[in-house]
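So the structure is just underneath, and the comments pick up after that.
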Amino acid sequence: MFCSLWRPEGPQYSVLSPQSCCCNSAERNMSRLLSVLLITVGALLASAEEYDKLPDLYKEGVNLAVKQFNSQKKNKQLFLFFKSMDVSETELEFDVSYVYHNFLLKATKCLQDKTDASANSCPFQNDRPVVDCVMCYRSYQGSIEYEPRPKLYCTRKPQLTEEMKANRVQDCETLKHHYSPGGITLLSSTGCNGSC
Numbered sequence: 125m126f127c128s129l130w131r132p133e134g135p136q137y138s139v140l141s142p143q144s145c146c147c148n149s150a151e152r153n154m155s156r157l158l159s160v161l162l163i164t165v166g167a168l169l170a171s172a173e174e175y176d177k178l179p180d181l182y183k184e185g186v187n188l189a190v191k192q193f194n195s196q197k198k199n200k201q202l203f204l205f206f207k208s209m210d211v212s213e214t215e216l217e218f219d220v221s222y223v224y225h226n227f228l229l230k231a232t233k234c235l236q237d238k239t240d241a242s243a244n245s246c247p248f249q250n251d252r253p254v255v256d257c258v259m260c261y262r263s264y265q266g267s268i269e270y271e272p273r274p275k276l277y278c279t280r281k282p283q284l285t286e287e288m289k290a291n292r293v294q295d296c297e298t299l300k301h302h303y304s305p306g307g308i309t310l311l312s313s314t315g316c317n318g319s320c
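All you need for my numbering is the position in the sequence shown, starting with 1, plus 124.
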């Protein structure tokens with residue numbers, strides 16, 4: 125840690141322990157509080173920046189997941205997007221793609237009734253476990269298709285098991301291979317070789 129020591133001839137900088145930078149316990153406590161505040165602000169900015177970097181299709185999925193997760197009555201605190209863990213998009217057919225997005229939600233200090241919530245206006249709580257979510261869905265021309273219904277799996281991180289992870293991946297795979305009646309189907313004919 126660098127600490128500034130003021131002397132009549134000007135400041136001199138030296139490497140010191142945090143205790144030697146401050147004169148009393150109140151200043152040490154203020155220094156700790158400032159450090160925690162800077163770390164919290166840094167985490168908020170990083171989370172908001174990561175959300176802003178997501179393509180619109182992924183943001184649409186995250187927004188849907190956040191809305192659905194926060195609609196549960198058991199959650200008093202507002203949960204917001206925190207970090208992407210894994211994302212894949214597979215082109216299926218004619219502007220149809222399959223999206224698998226694994227991300228974390230984190231509790232904020234805001235209550236659920238806050239309408240204009242964002243990572244900038246609602247600081248994250250660092251004393252609560254994150255929620256590991258998987259959102260999988262099909263999209264058509266860059267928008268989520270609601271038939272078949274998108275799937276959302278959210279579990280608090282300490283309770284998430286390898287078996288649960290495998291089950292949600294397997295269940296999401298059914299969306300990838302879903303046939304929608306009335307969808308585009310290609311038919312081909314090889315001809316009838318004169319026996320028609």
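Backbone N, C-alpha and C fix where the C-beta goes; we use that ideal spot for every residue, glycine too.
Inset, instruction - Entirely within the region 234–295 and at least 3 residues each: give me those beta strand (DSSP E) ranges in chain order. - result: With a minimum length of 3 residues, the unbroken runs of beta strand (DSSP E) contained wholly in the region 234–295 fall at 255–264, 275–280.
Inset, instruction - Using the Cα positions of Asn187 and Ser242, report the straight-line distance between them to the nearest angstrom. - result: C-alpha separation (whole angstroms): 11 Å.
Legend entry - Backbone secondary structure at Phe218 - three-state DSSP: The answer is coil: DSSP assigns Phe218 none of H, G, I, E or B.
Legend entry - Alpha-carbon spacing of Gly220 relative to Val211, whole angstroms: Note on identity: in this sequence residue 220 is Val, with Gly being the wrong assignment. Computed Cα separation, rounded: 17 Å.
Inset, instruction - Would you mind stating whether Lys289 and Tyr222 have Cβ atoms separated by less than 9 Å? - result: Taking C-beta atoms as the reference points, Lys289 and Tyr222 fail to come closer than 9 Å.
Legend entry - Within 9 Å, strictly: CB atoms of Asp251 and Arg280: Their beta carbons are not under 9 Å apart, which means Asp251 does not touch Arg280 by this criterion.
Legend entry - Contacts around Phe227, its chain only, beta-carbon distance under 7 Å, and the 5 residues preceding and following it disregarded: So the qualifying residues of the chain are Val186, Phe205, Lys207, Ser208, Met209, Cys257.
Inset, instruction - Determine the direct distance from the alpha carbon of Tyr277 to that of Ser263, and round the result to whole angstroms. - result: Going from the Cα of Ser263 to the Cα of Tyr277 covers about 18 Å.
Legend entry - Cys234 vs Cys260 beta-carbon contact at 9 Å: Contact flag unset, no.
Inset, instruction - Rounded to whole angstroms, what's the CA-CA distance from Asp176 to Leu216? Just pull it up for me. - result: About 26 Å.
Legend entry - Test item: CB-CB of Tyr371 and Thr214 under 9 Å: Not covered by the structure: residue 371. The range shown for the chain is 125 to 320.
Inset, instruction - Provide the residue(s) that pair with Ser212 in DSSP beta bridges, ordered along the chain. - result: Partner residues in the beta bridge of Ser212, as assigned by DSSP, are Tyr224.
Legend entry - Euclidean distance between Cα positions of Lys238 and Gln196: Taking the straight line joining both Cα atoms gives about 15 Å.
Inset, instruction - Would you mind reading off the limits of the alpha helix (DSSP H) that contains Leu188? - result: Note, Leu188: alpha helix (DSSP H), 180–194.
Legend entry - Outcome for Phe203 when other beta-carbon atoms lying within 10 angstroms are tallied against a minimum of 16: Burial call: buried.
Inset, instruction - Compare the C-alpha of Gln283 against each of Pro253, Lys275, Phe193 and name the closest. - result: Of the candidates Pro253, Lys275, Phe193, the one whose C-alpha sits nearest the C-alpha of Gln283 is Pro253.
Legend entry - For Leu168, the three-state DSSP class (helix, strand or coil): In this prediction, Leu168 scores a pLDDT of 39, lower than 50, which makes its location untrustworthy; the coordinate-derived value is nonetheless stated afterwards. Helix, per DSSP.
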